[in-house]
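One structure is given below, encoded as structure tokens.
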Amino acid sequence: MLALCLSLLAASSAFAEPPRFAPEQMGGTLRGNFNAEPQTLNPLTYKDVYAAIVHDRVFESLIDRNPDTLEFEGILAERWEVSADGKVITFYLNPKARFSDGTPVTADDVVFTYQTIMNPQIDARSIASYFEDCQGCEKVDDRTVRFTWKKVYFKSLETSGILVIPKHVYEFKDPKAFNEINDKLVGSGPYQLGEWKTGQHLMLVRNENYWRQPPAIDRVVWRFILEDQAAVQALLAGELDDLGVAPEWWVKLTPRADVRDRFQMLRYSSPGNGYTYIGWNNARPLFADRRVRLAMTHLVWRQELLKYLLYDIGEVTTGPFWSKSQQYDLSIKPWPFSRQEALRLLKEAGWQDRSGDGWLENEKGERFEFEFCSAAGNPLTRDIARILQEEFRRVGIDMHVRLYEWSVFTVKLDNHDFDAVMLGWSGAVEDDPYQIWHSSQIADRGSNFISFRNPEADRLIEEARVTLDAAKRSAIYHRFHRLLHEQQPYTFLWRRESLRLVSNRVKGVKVHTLGLDWRDWWIGKDEAKGAAAP
Amino acid sequence: MKTYILKRLLLMIPTIVGITLLTYLIVRLAPGDPIEAMIRNQSGNIDPKAMKEDAQKIRERLGLIDYHYVRDRFFGAPSEEERPQPTGASYKVTDALDTVASAGIGYGRWVGHLATGDFGESIKYRTSSGSRNPLALIAERIPVTATLNIIAELLIFFIAIPVGLAAARHQGKWFDRASSFVMLAFWSVPTVLAGTVLLGFLGKGGLGWSGFPIAGLHSFGYEKFSWGEYLADTLWHSVLPVVCLTYGGIAYLAKLGRASLLENLRADYVRTARAKGLPESRVVYHHALRNSLLPMITVMVLTLPGLIGGSVIVETIFSIQGTGLLLVNAAQAYDLALIMTETLLYGVLTLVFLLIGDLLYAWADPRVRYE
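Protein chains in written order, with my numbering: chain A, 525 to 1058; chain B, 156 to 526.
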């Protein structure tokens, strides 16, 4: 207790602002769950979301987004400058910043992190690919680093604001030795690794040397319960405090009075959830016609599908951007479900029932039929496909459903060998549509596998990439969004929401624009009996 | 006898080759590219060019060098246009042959490494100490799986045999009918269903009695427990998993025991014993039981490999870090070295148990002779 008071005193003297939490709010253990054990906690070569969740509490980046305003804020960097041409970004490190072993965070650590990411012998290709257009990262002085980019790109600032690892801890002679690090975690964040018991749990403990406002909660423990059902039962039995649940569990649990009494039920949109869509192969003659694609969208009753298949947990989307971002144009309304409008558009495009057999034909007498492909194994996909098949049959469109193993499916995408696909993209706070929509990404197994080719779209995408002014860039993206809405290369379906149950033991839980932020949470002293042990 | 054992051991070799070759081919010939799928799963939307290079690096590390690579080394590389591209829909016969050839070469390399005692490296599990040997990974997890299976096997023996005997002694009576019904039901319920139902009704936070732990084999902070507490805690955690591993075996062995005892009770020597005026209990427990236990012991030994298979399901449902879960994780990660090592181990184990079963049978019944 005395030690706690002392550390609080130290914290309050180090900062002009008052401590965020009162002494009685400090302490406690937060108990969460991972559906799988992380493969490795290596700060750069990690492979799963679980490692990223751990890193979020152990490491810090130069800058990060404010969870409410979404603006960038300095974390390790006290401030930063972007040159007039946008190619040079200079970060000034906070002189107070310390790693958990007490060593100051310096420019050498930032340069070391960058060079390790870029080292071809280090298995960090997925991070390194963001730096393809980066010329380098150099130390100006102990507290100043400079990133230089070959091209102007609005994402350069975000990308440059890397998570920093200490050079004196991770320095290596043999890259293999670095790749194999799996449980050495030393960062400047508020927590450090307590213990990792394979098959049991992973525990983080408070970093007593933390250089900023200390978090309220002493320890964070994640168990490794692999079965969804077992994890939900552990939550109900009071062994977990915080659990993300699937929609099926949400609709089962939230009406229960005992659950309502004991848990905070949180439902929110997060950018990472991305969106689901039906992609029409624009290179196939059938779907090369905008009117046909638009007609297809008019035949997909998105609101009803969302309501009956996803329990209305999500929102219909009209474009590729996150609906809470500046990129998304809220004035664009989804095309309504309308058979008449669809038939009118199809007739205009030359498709009508000419032979009287109930199917639509074109002038050459060819029937309107196509293959709808997706990955097998997901019951939701199967249900949607069946409903669409039925709906299309009513207007005379013959849709065949083909569900493939994921690995076969990706080969079909790479070869543009499909008529229509149902898939999802994950998202970010601010997306760059280049990878998915630019015509240069059609060839060589790029992500524009539906072959969307539109000179105006290309121009807007390229212009936005070099526009550093956020407001001007958003205006360009609104035009791009509207163009996609008119062209309907995809039928955009919906964005799903995140669902979490958090025990009433945990206080201060707030939903921000970006979702939940563990920095807000506090528990206070663990109750004497059993509460500390999961 | 020695010749027989030697013969059996030699026969194991082609069987093992068959098992491993089949496993290898299934993993390698699965459609798509497992290595690229793995990279895609790890890092989301990765640039295809980077992915190709990464995939090649991993292949080299794993010895999954493809047929093209080998052909190029020996016959010179064809130009880009000549080189067939591995494409899904337009898969040509030559491509398919190439794939099979690649798999064959890969399998040959794996056997070659094995001959030098090299089991390869697990790509999923890495540790700072550099220990990535699949054997070490499996060895770490054997105690857990073995403990559960030994408890299960003992329970099967001590429950199934009395039940089978009682059913045989009271043939056609209510106990026989009731136990037959229950055993048939047990035999018919798949482990996945039993595990989920037990978890949902008897596990903590469940719908029913909800007292049993639901994941893992230890409570939090078990390191600080005394010996007695540790043992009690582990046994308590093992109840549901062991029940899942046990009920199928009980059903099988009880039915077998019943049939076996009935056969013996009808035998001439039993009639003789009864005719001599021996008390019924002595006839049953001394004469008939001893003879009917023989086949059951061998069957017991043969059920062991089956239990190991059951561990794959049970360990997944109850989040227990044993060899079964390790195999599931390896398969999901296309961790070829680990899959192959574990399959090899299971294969050898099964064959060894088969041999022991046969030897035990002959030892117990002098009428059986090795030829």
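Virtual Cβ for every residue (Gly too), placed ideally from N, Cα, C.
Keep in mind it's a predicted model, so treat the numbers as computed, not measured.
With distances taken from CA atoms, which of the options is nearest residue i?
i, options, result
"Gly366(B)", "Ala321(B), Phe380(B), Val394(B)", "Val394(B)"
"Asp273(B)", "Ala258(B), Ile260(B), Ala256(B), Ala291(B)", "Ala291(B)"
"Thr672(A)", "Gln659(A), Pro644(A), Lys857(A)", "Gln659(A)"
"Arg555(A)", "Gly803(A), Leu764(A), His962(A)", "Leu764(A)"
"Arg324(B)", "Leu449(B), Leu417(B), Pro434(B)", "Leu417(B)"
"Lys871(A)", "Arg815(A), Arg784(A), Ser975(A)", "Arg815(A)"
"Val398(B)", "Gly350(B), Gln476(B), Ile511(B)", "Gly350(B)"
"Lys776(A)", "Leu310(B), Ala485(B), Leu362(B)", "Leu362(B)"
"Glu986(A)", "Ala967(A), Thr614(A), Asp956(A), His1005(A)", "Asp956(A)"
"Gly275(B)", "Leu372(B), Met495(B), Leu506(B), Gln326(B)", "Met495(B)"
"Ala899(A)", "Val824(A), Ile802(A), Thr564(A), Glu887(A)", "Ile802(A)"
"Gly551(A)", "Ser607(A), Glu887(A), Leu818(A), Glu732(A)", "Glu732(A)"
"Ile174(B)", "Asp520(B), Leu500(B), Ile369(B)", "Leu500(B)"
"Asn805(A)", "Leu947(A), Arg589(A), Glu584(A)", "Leu947(A)"
"Ile587(A)", "Phe933(A), His692(A), Trp604(A), Ser950(A)", "Trp604(A)"
"Tyr377(B)", "Leu165(B), Pro368(B), Ile369(B), Thr389(B)", "Thr389(B)"
For residue i, count the other beta carbons within 10 Å of its own beta carbon; 16 or more makes it buried, fewer makes it exposed. Which is it?
i, result
"Pro289(B)", "buried"
"His725(A)", "buried"
"Asp698(A)", "exposed"
"Glu1021(A)", "buried"
"Ile651(A)", "buried"
"Phe916(A)", "buried"
"Leu160(B)", "Checking the sequence shown, residue 160(B) turns out to be Ile, not Leu. Label assigned to Ile160(B): exposed."
"Asp742(A)", "buried"
"Ile181(B)", "exposed"
"Arg1019(A)", "buried"
"Phe356(B)", "exposed"
"Val919(A)", "buried"
"His822(A)", "buried"
"Glu383(B)", "It should be pointed out that residue 383(B) corresponds to Gly in this sequence rather than to Glu. Exposed, by the Cβ-count rule."
"Met451(B)", "buried"
"Arg910(A)", "exposed"
Hey, would you say residue i sits closer than 9 Å to residue j, going by beta carbons?
i, j, result
"Arg989(A)", "Val612(A)", "no"
"Ile472(B)", "Ala754(A)", "yes"
"Phe811(A)", "Leu681(A)", "no"
"Asp632(A)", "Asp666(A)", "yes"
"Ala409(B)", "Ala315(B)", "yes"
"Ala761(A)", "Lys359(B)", "yes"
"Val953(A)", "Leu600(A)", "no"
For residue i, which three-state DSSP category applies?
i, result
"Ile802(A)", "strand"
"Arg1029(A)", "coil"
"Ile613(A)", "strand"
"Asp782(A)", "helix"
"Gln716(A)", "strand"
"Leu362(B)", "coil"
"His579(A)", "helix"
"Met156(B)", "coil"
"His725(A)", "strand"
"Glu561(A)", "coil"
"Tyr928(A)", "strand"
"Gly275(B)", "coil"
"Met789(A)", "strand"
"His1009(A)", "helix"
"Pro628(A)", "strand"
"Ser855(A)", "coil"
"Phe671(A)", "strand"
"Arg868(A)", "helix"
"Trp774(A)", "helix"
Under the criterion of a Cβ to heavy atom distance below 8 Å, does residue i qualify as lining the ligand ZN?
i, result
"Ser447(B)", "Of the ligands one can find in the structure shown there are none, so the ligand ZN has no counterpart to examine."
Three-pair Cβ contact test at 8 Å for the region 1028–1047 of chain A versus the region 459–475 of chain B: no
Any 3 or more C-beta pairs closer than 8 Å across the region 902–921 of chain A and the region 835–847 of chain A: Per the Cβ contact rule, the region 902–921 of chain A is not in contact with the region 835–847 of chain A (fewer than 3 Cβ pairs under 8 Å).
Touch test, the region 924–942 of chain A against the region 884–897 of chain A, Cβ-Cβ under 8 Å, three pairs minimum: Result yes; three or more Cβ-Cβ pairs closer than 8 Å.
The region 550–569 of chain A in contact with the region 701–708 of chain A per 3-pair CB rule at 8 Å: yes
Meets three-Cβ-pair contact criterion under 8 Å: the region 636–643 of chain A and the region 706–718 of chain A: The region 636–643 of chain A makes no contact with the region 706–718 of chain A, as fewer than three CB pairs between them are under 8 Å.
At least three beta-carbon pairs within less than 8 Å, the region 998–1007 of chain A to the region 848–865 of chain A: yes
At least 3 beta-carbon pairs within less than 8 Å: the region 471–486 of chain B vs the region 434–448 of chain B: no
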